[in-house]
């Protein structure tokens, strides 16, 4: 594990920050001057990285936004990964999963070729669908447990015949496996009341927490209920940092917003 | 719906075939002469399409195998979609899902830019995570229900507090929605004993059935238990058609294997 738990805890304490900045580039929202570039997504995200890397522990790249552009999006994505400083964890937010021989191809792409440190994964198809990712011992697999969207109620929050929530079944299955040391879990900040249940199942794991910011999750509650002895939290903020104003956001606004989130976190150190 | 239920039923009856050919191009397995091309995946798949399109109702393109190549893989993928004849359904086997604004980007790519007729989707995150796909009324959304891999036992086959299998909860949720007319479901052929349960929940839907061939599912049982009044089945065979021999497969072997599967199906018409 190149960027292991100790590495992450050290970064979090040094920066007094749990911040993970979500890179969700959107042509309709990025500052107008980036539209003149041949590779506006790369250029915009590169600028964001340059001005925020001292404030953040990780970057979570939203793969869909690059994929939507076709082959050129992947070219910009591959350039972007190369310019993110080594001190930051690079998360490919791809939510992949498939049968084993297919998951192997996804893992090869995201870990070997792209060079991401971590990739988000969907657990629905079960253990063997994610094993090709888990087998990369120097990389992180980040498994969806309880997501931040309303649809989490449809299946994740249904009860099993044992009385557990379905997302608990997911946590138990992976925590009982030999792979647990390189697995993190996604738990939405909008579901902060469930964080204590999550921590019963995986007290030692890192959690990736989306849903603070645009989706309205409570930052303080997440830190109080989710933090553990290795810090154990990466709190993602995407749109509220990239596009803090509804129109005419500047890079200075981006910096101010990132500093503001980091300040709200620094008081806990 | 451009290639709707009636269109598919008509194709299936005309061709006497439920066949969906899985395009899973693998450099280690394709005939050696394709290695000399700049775009071996495109060239190989294009040849497969040329010699098999009269036998098959659909092609299921395994996106991971193209994604693994980086930007060049997406260029080959986009070329491939353009050469598949209109009479065949084009399925992007991508197993995507995410929160709404992100799923919207995936849907834009696969339906609008790539031009696929259908995309496979993972239901874990619930209804709102897939709605951006469902809103394309002239396209098919193909939701994972019960997959063909052993890991299906981990979650899909767990019981809910109501005594149902978890995959039944998935089927019920989508069948009760207003989107059901453009949803198909994935049900693995290796789980043929569950097909009757599946059909109780979605008697009218098309099912995409992987797991015949390499994974050992029983073709006859699938047809007997899965077929409905609009035929209702797309039976995927990938590796057993693309690579029928363990070494030195030729295009003639590919044709022979596709003809053999189609013959096994034709006796049911």
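Protein chains in written order, with the numbering used here: chain A, -15 to 253; chain B, -15 to 253. Using N, Cα and C, we set each Cβ at its ideal position, and we do this for glycine too. Small disclaimer: the values here were computed from a predicted structure and weren't measured.
For residue i and residue j, I'd like the C-alpha separation in whole angstroms.
{"i": "residue 99 of chain A", "j": "residue 36 of chain B", "result": "38 Å"}
{"i": "residue 95 of chain B", "j": "residue 10 of chain B", "result": "25 Å"}
{"i": "residue 117 of chain B", "j": "residue 168 of chain B", "result": "12 Å"}
{"i": "residue 85 of chain A", "j": "residue 126 of chain B", "result": "20 Å"}
{"i": "residue 289 of chain A", "j": "residue 185 of chain B", "result": "Nothing can be reported for residue 289 of chain A: it is not among the residues displayed for chain A, which extend from -15 to 253."}
{"i": "residue 213 of chain B", "j": "residue -7 of chain B", "result": "9 Å"}
{"i": "residue 109 of chain B", "j": "residue 82 of chain B", "result": "7 Å"}
{"i": "residue -2 of chain B", "j": "residue -11 of chain B", "result": "14 Å"}
{"i": "residue 122 of chain B", "j": "residue 158 of chain B", "result": "17 Å"}
{"i": "residue 209 of chain B", "j": "residue 179 of chain B", "result": "6 Å"}
{"i": "residue 113 of chain B", "j": "residue 6 of chain A", "result": "18 Å"}
{"i": "residue 160 of chain B", "j": "residue 153 of chain B", "result": "11 Å"}
{"i": "residue 27 of chain A", "j": "residue 97 of chain B", "result": "23 Å"}
{"i": "residue 32 of chain B", "j": "residue 18 of chain B", "result": "12 Å"}
{"i": "residue 147 of chain B", "j": "residue 164 of chain B", "result": "24 Å"}
{"i": "residue 265 of chain A", "j": "residue 220 of chain B", "result": "The requested residue 265 of chain A does not occur in the structure, where chain A is confined to residues -15 to 253."}
{"i": "residue 244 of chain B", "j": "residue 237 of chain B", "result": "10 Å"}
{"i": "residue 124 of chain A", "j": "residue 54 of chain B", "result": "21 Å"}
{"i": "residue 211 of chain A", "j": "residue 20 of chain A", "result": "43 Å"}
Measuring alpha carbon to alpha carbon, tell me which of the options ends up nearest residue i.
{"i": "residue 14 of chain A", "options": "A/89, A/142, A/233, A/178", "result": "A/233"}
{"i": "residue 137 of chain B", "options": "B/249, B/175, B/157, B/49", "result": "B/175"}
{"i": "residue 132 of chain B", "options": "B/202, B/153, B/164", "result": "B/202"}
{"i": "residue -14 of chain B", "options": "B/166, B/22, B/150, B/245", "result": "B/166"}
{"i": "residue 134 of chain B", "options": "A/246, A/163, A/115, A/149", "result": "A/115"}
{"i": "residue 105 of chain B", "options": "A/124, A/80, A/101", "result": "A/80"}
{"i": "residue 247 of chain A", "options": "A/204, A/76, A/33, A/18", "result": "A/204"}
{"i": "residue 87 of chain A", "options": "B/46, B/76, B/101", "result": "B/46"}
{"i": "residue 16 of chain A", "options": "A/231, A/150, A/245, A/151", "result": "A/231"}
{"i": "residue 48 of chain A", "options": "A/76, A/124, A/244", "result": "A/76"}
With a threshold of 7 Å on Cβ separation, who are the neighbours of residue i within its own chain once the five nearest residues in sequence on each side are excluded?
{"i": "residue 223 of chain B", "result": "8, 197, 198"}
{"i": "residue -5 of chain B", "result": "41, 71"}
{"i": "residue 50 of chain B", "result": "25, 57, 58, 60, 61"}
Do residue i and residue j have their CB atoms nearer than 8 Å?
{"i": "residue 235 of chain A", "j": "residue 3 of chain A", "result": "no"}
{"i": "residue 52 of chain A", "j": "residue 89 of chain B", "result": "yes"}
{"i": "residue 207 of chain A", "j": "residue 218 of chain A", "result": "no"}
{"i": "residue 30 of chain A", "j": "residue 145 of chain B", "result": "no"}
{"i": "residue 129 of chain B", "j": "residue 170 of chain B", "result": "yes"}
{"i": "residue 120 of chain B", "j": "residue 91 of chain B", "result": "yes"}
{"i": "residue 43 of chain A", "j": "residue 74 of chain A", "result": "yes"}
{"i": "residue 187 of chain A", "j": "residue 139 of chain B", "result": "no"}
{"i": "residue 253 of chain A", "j": "residue 66 of chain A", "result": "no"}
{"i": "residue 155 of chain A", "j": "residue 182 of chain A", "result": "yes"}
{"i": "residue -9 of chain B", "j": "residue 150 of chain A", "result": "no"}
Verify the CB distance criterion: does residue i have a CB-CB separation below 8 Å to chain A?
{"i": "residue 192 of chain B", "result": "no"}
{"i": "residue 36 of chain B", "result": "no"}
{"i": "residue 145 of chain B", "result": "yes"}
{"i": "residue 218 of chain B", "result": "no"}
{"i": "residue -8 of chain B", "result": "no"}
{"i": "residue 65 of chain B", "result": "no"}
{"i": "residue 208 of chain B", "result": "no"}
{"i": "residue 197 of chain B", "result": "no"}
{"i": "residue 128 of chain B", "result": "yes"}
{"i": "residue 166 of chain B", "result": "no"}
{"i": "residue 200 of chain B", "result": "no"}
{"i": "residue 160 of chain B", "result": "no"}
{"i": "residue 18 of chain B", "result": "no"}
{"i": "residue 154 of chain B", "result": "yes"}
{"i": "residue 13 of chain B", "result": "no"}
At the 8 Å Cβ level, is residue i part of the contact set with chain B, yes or no?
{"i": "residue 111 of chain A", "result": "yes"}
{"i": "residue 108 of chain A", "result": "yes"}
{"i": "residue 55 of chain A", "result": "yes"}
{"i": "residue 82 of chain A", "result": "yes"}
{"i": "residue 157 of chain A", "result": "yes"}
{"i": "residue 24 of chain A", "result": "no"}
{"i": "residue 321 of chain A", "result": "One cannot answer for residue 321 of chain A here, as it falls past the ends of chain A, which runs -15 to 253."}
{"i": "residue 135 of chain A", "result": "yes"}
{"i": "residue 131 of chain A", "result": "yes"}
Which same chain residues end up closer than 6 Å to residue i when comparing Cβ atoms and leaving out the 5 residues on each side of it in sequence?
{"i": "residue 227 of chain A", "result": "13, 233"}
{"i": "residue 242 of chain A", "result": "36, 39, 225"}
{"i": "residue 69 of chain A", "result": "37"}
{"i": "residue 190 of chain B", "result": "168, 216"}
{"i": "residue 192 of chain B", "result": "126, 168, 170, 218"}
{"i": "residue 195 of chain A", "result": "132, 172, 173, 174, 201"}
{"i": "residue 23 of chain A", "result": "60"}
Under 8 Å Cβ to Cβ from residue i, same chain only, skipping five residues before and after it: list those, please.
{"i": "residue 239 of chain B", "result": "35, 36"}
{"i": "residue 111 of chain A", "result": "157, 158, 161"}
Which residues of chain E have a Cβ atom closer than 7 Å to the Cβ of residue i, listed in chain order?
{"i": "residue 86 of chain B", "result": "The structure shown has no chain E; the protein chains it does contain are A and B."}
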